[in-house]
Each structure stands twice: as C-alpha cells, then as structure tokens.
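Below: the structure, in structure tokens.
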Amino acid sequence: IDSRLPRVGTTIFTVMSALAQQHGAVNLGQGFPDFDCDPALLDAVERAMRGGQNQYPPMAGVPQLREAVAAKIEALYGRRYDPGSEITITAGATQAIITAILAIVHPGDEVIVLDPCYDSYEPNIELAGGRAVHVPLTPGSFRPDFARIAAALSPRTRAIVINTPHNPSATVWSAEDMQRPADLLRATDVFVIADEVYEHMVYDGARHESVARHPELAQRAFIVSSFGKTYHVTGWKVGYVAAPAAMTAEFRKVHQFNVFTVNTPMQHGTAAFMGDASHHLGLPAFYQRKRDLFRAGLANSRFNLLPSEGSYFQCVDYSAISDEPEEAFCRRLTTDVGVAAIPLSAFYQGGFEQRIVRFCFAKKDETLQLALERLAAL
Ligand code: PMP
Ligand code: GLN
Numbered sequence: 012i013d014s015r016l017p018r019v020g021t022t023i024f025t026v027m028s029a030l031a032q033q034h035g036a037v038n039l040g041q042g043f044p045d046f047d048c049d050p051a052l053l054d055a056v057e058r059a060m061r062g063g064q065n066q067y068p069p070m071a072g073v074p075q076l077r078e079a080v081a082a083k084i085e086a087l088y089g090r091r092y093d094p095g096s097e098i099t100i101t102a103g104a105t106q107a108i109i110t111a112i113l114a115i116v117h118p119g120d121e122v123i124v125l126d127p128c129y130d131s132y133e134p135n136i137e138l139a140g141g142r143a144v145h146v147p148l149t150p151g152s153f154r155p156d157f158a159r160i161a162a163a164l165s166p167r168t169r170a171i172v173i174n175t176p177h178n179p180s181a182t183v184w185s186a187e188d189m190q191r192p193a194d195l196l197r198a199t200d201v202f203v204i205a206d207e208v209y210e211h212m213v214y215d216g217a218r219h220e221s222v223a224r225h226p227e228l229a230q231r232a233f234i235v236s237s238f239g240k241t242y243h244v245t246g247w248k249v250g251y252v253a254a255p256a257a258m259t260a261e262f263r264k265v266h267q268f269n270v271f272t273v274n275t276p277m278q279h280g281t282a283a284f285m286g287d288a289s290h291h292l293g294l295p296a297f298y299q300r301k302r303d304l305f306r307a308g309l310a311n312s313r314f315n316l317l318p319s320e321g322s323y324f325q326c327v328d329y330s331a332i333s334d335e336p337e338e339a340f341c342r343r344l345t346t347d348v349g350v351a352a353i354p355l356s357a358f359y360q361g362g363f364e365q366r367i368v369r370f371c372f373a374k375k376d377e378t379l380q381l382a383l384e385r386l387a388a389l
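Letter by letter, the sequence shown follows residues 12 to 389 in UniProt numbering.
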C-alpha cells in the first residue's frame with residue numbers, strides 16, 4: 012500500500028504497555044491512572060443513560076456540558092467563550108487536535124512544533140498535507156527557545172502548537188513565556204493550537220497559564236483539553252476545544268464529518284459532575300502528593316530527577332546507571348526490573364538521545380511503592 016504515513020508504526024505507548032503486561036511489570040509508561048474515577052461521576056453517567064440520554068446529541072456537544080466548560084474557563088482564566096458558537100465537545104483531545112489541524116492547514120503549510128512533543132502532532136500535520144517544522148526546547152531545561160521559534164516562522168507558517176503543562180518534560184510555561192509568542196505572532200495570521208490537557212495538574216502553587224488568559228493569543232487559538240485527564244477516565248475519550256466563533260465554525264465543518272458527535276451519556280454525566288468545581292480544583296494537591304511520594308522514593312537512587320512542575324509525569328536521567336539508548340533501557344527496565352517507562356527519544360522526530368526516560372505517577376500509592384522498591388535498588 013502506498014502509505015499516507017510511511018514513517019509511522021505502533022505508538023510507543025502501546026508498545027510499552029503491551030511489554031509491561033507481557034512481563035507483569037508495573038506500568039509507569041503510558042499516561043493513565045490505575046485507580047478509578049469518583050463514583051459520583053459514574054452515578055451521573057448512569058442517571059443519564061437510564062434517563063434515556065442515549066441518542067445523538069447536538070453536533071457540537073450537549074449544551075449543558077458546553078455551558079459548564081464555558082463557566083469553568085471564565086472562572087479560572089477570565090475569558091468568556093460562548094457555548095453556542097465557541098465551544099465544541101470532542102472525542103478526547105486527540106480528535107480535537109487533528110480536527111483543528113485539518114480545519115486550518117492547507118497542503119504545503121508549515122506548523123511549528125516544539126520538540127520533544129506528543130506523538131500525534133506530526134502525523135496529523137502530514138495528513139493535512141502540511142509539514143511539521145521542529146524547534147527544539149532548550150536541552151536540559153526544556154524551556155522554550157524564542158529566538159529559535161522566531162527564526163522558524165516563515166510566510167508558510169500556518170500554526171504553532173503550544174503544550175503546557177508539557178508532556179513529556181513536565182515543565183510549565185510562565186506568564187512571561189506566554190507573552191513571547193504573543194509578541195512574535197502579533198503581526199502574523201498564524202494560529203495557535205494550545206494543548207492544555209494537563210491544565211489542572213500544576214504544582215508548588217504555580218498557576219496554569221492558559222492561552223485563555225492571554226487575549227492576543229486567545230483570539231487566534233484553539234484551546235484543547237481532556238476530561239479523561241481531569242476526571243481519571245482516559246478511556247472515555249471526551250474532551251473539548253474552545254476557539255473564537257469564526258475558528259470554531261471551521262473546526263465544526265471538519266468535526267461534523269470525522270466524528271459528528273461524541274457519546275451522549277458521558278457528556279450529560281460530565282456536565283452534572285463539573286458543577287462541583289472542587290473536583291478539578293483539588294487535582295493539584297491530589298497529584299502533587301503522588302509526585303512528592305515518587306520523588307522522595309527516588310531521591311537516594313542513582314536516577315537524577317528532573318523538575319516536575321506540572322502534568323502527571325516525572326522525567327529522570329539514568330546516565331549514572333546505564334549507557335544504553337533510551338528505548339533499550341526502557342525495554343530492559345520492563346523485562347528485567349519490572350517497571351515500564353517511556354523513552355524521551357520517542358517524543359523527538361528522528362529520536363534524539365539524552366538518557367532520559369519518563370515515568371507516569373498517576374498511580375495508586377501501592378503501585379508507586381512497588382515500582383520504587385524495584386527502581387531504588389538499581
Ligand atoms: N495531548 C497530550 C499532551 C497528551 O498527553 C494526551 C494524552 N496522552 C493527549 C493530547 C490526548 O488526550 P485524549 O486522551 O483526551 O485524547
Ligand atoms: N498521552 C498518553 C501519554 O503520553 C498516552 C496516550 C496514548 O496512548 N496515545 O502517555
């Protein structure tokens with residue numbers, strides 16, 4: 012077959028989860044919780060199902076959920092999105108991102124992505140006929156390098172993808188960081204795709220710099236988030252995109268033909284559950300405790316801990332333990348040590364090697380303890 016995506020294989024997340032399962036390893040690789048969601052969320056979904064909410068919802072999503080999303084964004088970030096014309100419920104962030112890209116990228120357009128980055132961006136851009144222009148984050152700190160971003164802008168640049176809190180590096184952009192793309196893009200018509208799926212996981216009292224807080228960026232941005240991350244239900248695949256009306260209109264042209272609508276009872280259940288803001292407001296403390304537990308367990312090990320400012324990931328440098336390439340080290344860690352991780356090289360086009368791997372700490376305390384016993388012995 013003349014492949015549209017000749018360089019794409021099975022994602023590293025699937026590969027490492029399968030290897031972990033095969034070897035009975037503790038899976039700290041793929042990012043998902045090993046604990047269940049709040050039973051109140053399940054009750055709300057069940058009420059919706061038993062109450063007959065089982066047919067197609069409106070194309071853009073259940074109105075109550077769009078209103079709940081608008082209210083949350085306004086309360087947290089101070090920008091009002093119109094639920095009718097500016098918020099669309101999607102099949103997770105994954106579908107939101109590809110739909111936004113297909114809606115705006117023409118063949119030959121360039122989209123700037125900052126490496127390391129989530130693995131779906133580039134294939135999405137390619138499917139739209141565009142070209143990903145890779146700009147590395149600063150090696151070591153993973154901070155954005157705005158001089159390089161400025162140099163990468165061209166007349167063909169159609170969009171830039173910003174992801175904060177960041178997968179995989181767990182860095183969080185500051186208000187100052189957000190001002191820089193606002194300045195750089197002011198005289199352009201470049202769009203921003205803001206991947207904010209970890210918006211509610213920011214630690215040590217820092218605040219999430221949603222693009223929604225920054226009017227100059229917000230007026231050109233698709234802001235993407237995921238209820239899977241926020242409510243511990245990654246398998247439900249429900250998320251949303253918030254964008255100005257003209258951009259949302261283009262987004263929905265694609266959305267109505269690649270998914271049309273997202274499952275109805277989850278939307279109703281999530282809308283009811285979101286009414287209690289403590290669920291998302293409590294998330295930083297919930298995950299910061301797990302982060303600290305995991306970091307404390309590795310503090311005296313030969314792993315060198317990188318900062319984890321946000322997301323549910325912790326990156327470590329293992330160069331004091333092994334000089335194997337990252338994927339080989341992750342495979343051996345899974346098969347011989349019994350803990351699965353993700354090589355950072357998987358987030359770089361062409362596989363840049365730094366001897367850094369990513370662990371996910373969205374796990375029960377006992378799961379983390381078991382992993383720590385194995386890792387600390389290395
Ligand atoms: N973007 C990033 C940065 C992610 O980490 C993920 C999930 N791993 C997604 C998008 C996709 O989210 P969803 O599961 O809601 O499709
Ligand atoms: N986003 C998750 C991660 O980074 C995995 C999602 C997936 O398996 N595609 O681990």
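Glycine included, every Cβ here is placed at the ideal spot set by N, Cα and C.
* If Val368 sits next to Tyr323, beta carbons under 8 Å apart, how far is it from one beta carbon to the other, in whole angstroms? -> Contact doesn't hold; Cβ gap of about 15 Å is too wide.
* Check the C-beta distance from Leu125 over to Val144 and give it rounded, since I have them as a contact under 8 Å. => Contact doesn't hold; Cβ gap of about 10 Å is too wide.
* According to the neighbour-count rule (16 or more other Cβ atoms, all chains shown, within 10 Å of its Cβ), is Arg61 buried or exposed? -> exposed
* **Chain-order list of residues whose beta-carbon lies under 8 Å from that of Asp156 (same chain, five-residue window excluded)** => Val146, Pro147, Leu148 and Thr149
* Starting from Gly308, trace the beta strand (DSSP E) both ways and give me its first and last residue. => Element bounds for Gly308: not the beta strand (DSSP E) but the alpha helix (DSSP H), Leu294 to Leu309.
* Can you give me the Cβ contacts of Ser96 inside the same chain, cut-off strictly under 8 Å, excluding the 5 residues immediately before and after it? => Ala256, Thr259 and Ala260
* **Gln41 beta carbon near the ligand GLN (any heavy atom closer than 6 Å)** => yes
* Euclidean distance between Cα positions of Ala205 and Phe358 -> 17 Å
* Asked: Excluding the five sequence neighbours on either side, which residues of its own chain have a C-beta within less than 7 Å of the C-beta of Asn38, listed in chain order?
  -> Ser28, Ala31 and Ala351
* To do: Specify, as a first and last residue, the run of the beta strand (DSSP E) that Cys341 falls within.
  => Not the beta strand (DSSP E): Cys341 falls in the alpha helix (DSSP H), residues Glu337 to Arg343.
* Asked: Would the C-beta of Val116 count as close to the ligand PMP, meaning under 6 Å from any of its heavy atoms?
  -> no
* **Complete alpha helix (DSSP H) runs within the region 126 to 214 (minimum length 4 residues, chain order)** => 132 to 138, 157 to 163 and 186 to 196
* **Cross-strand partners of Tyr251 (DSSP beta bridge)** => Ile100 and Ser236
* Per-residue burial, Phe153 [other beta carbons within 10 Å of its own, 16 or more giving buried] -> buried
* Asked: For Tyr67, which option in Gln267, Leu294 and Val19 has the closest C-alpha, if you only look at C-alpha atoms?
  -> Gln267
* Please work out which residues of its chain come closer than 8 Å, Cβ to Cβ, to Ala288, disregarding the five sequence neighbours upstream and downstream, and give them in chain order. => Lys83 and Ala86
* What number of angstroms, rounded off, separates the C-alpha of Pro44 from the C-alpha of Thr245? -> 8 Å
* Asked: Can a CB atom of chain B be found closer than 7 Å to the CB of Arg369?
  -> Given the protein chain composition of this structure (a single chain), no chain B is represented.
* Is the beta carbon of Ser237 within less than 6 Å of some heavy atom of the ligand PMP? -> yes
* **Same chain only: Cβ atoms within 6 Å of Tyr381, ignoring 5 sequence neighbours per side** => According to the sequence as given, residue 381 is Leu; it is not Tyr. Correct list, in chain order: Val37.
* **heavy atom of the ligand GLN below 6 Å from Asn38 C-beta** => no
* To do: Check whether the Cβ atoms of Tyr92 and Arg224 sit closer than 7 Å, and answer yes or no.
  => no
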